[in-house]
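Colleague: Supplied in structure tokens, the structure appears directly below.
Residue numbers (this note's numbering): 68 to 163.
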């Protein structure tokens, strides 16, 4: 019950978070990816998608997470990429 595009965005976010000091948030995303893949009903998929939508904004959301990298430039690049991916995730999960 997961679309290819949503799976791509989730995997990219997960990999970015894992590489930049947010392993626990990456693990949480991996759990949601598995839940979507295993969803046996549209209702279950909708609940998981709503959870994903809710992690984009607000305190502790994707836009608020600190990222760690080897240099200031690498941190800024990761931040820009995460913001782009978060925007995509927000739009993909908007209508739940």
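Ideal Cβ placement from N, Cα and C applies to all residues, glycine included.
Which of the three DSSP states is assigned to residue 80 in this structure?
Modeller: Residue 80: helix per DSSP, three-state reduction.
Colleague: How would you call residue 72, buried or exposed, if buried means at least 16 neighbouring beta carbons within 10 angstroms?
Modeller: So residue 72 ends up on the exposed side.
Colleague: Quick test of your reading: residue 115 and residue 103, contact by CB under 8 angstroms. State the CB separation rounded to the nearest angstrom.
Modeller: About 5 angstroms; that satisfies the 8 angstroms criterion.
Colleague: Taking just the CA atoms, how far does residue 137 sit from residue 88?
Modeller: About 11 angstroms.
Colleague: I'd like the ranges of any alpha helix (DSSP H) spanning at least 4 consecutive residues and lying wholly in the region 68 to 137.
Modeller: Entirely contained in the region 68 to 137, the alpha helix (DSSP H) runs reaching 4 residues are, in chain order, 71 to 86, 90 to 105, 109 to 121.
Colleague: From what residue to what residue does the alpha helix (DSSP H) around residue 146 run?
Modeller: From DSSP, the alpha helix (DSSP H) with residue 146 extends over 139 to 159.
Colleague: Going by C-alpha to C-alpha distance, which of 149, 159, 141, 106 sits closest to residue 128?
Modeller: Of the listed residues, the one whose Cα sits closest to residue 128 is 149.
Colleague: Would you mind sorting residue 70 into buried or exposed? The rule is 16 or more other CB atoms within 10 Å of its CB.
Modeller: Looking at its Cβ environment, which holds fewer than 16 other Cβ atoms inside 10 Å, residue 70 is exposed.
Colleague: Quick check on the burial criterion: 16 or more other C-beta atoms within 10 angstroms. Buried or exposed for residue 143?
Modeller: Answer is exposed; the Cβ neighbour count stays below 16.
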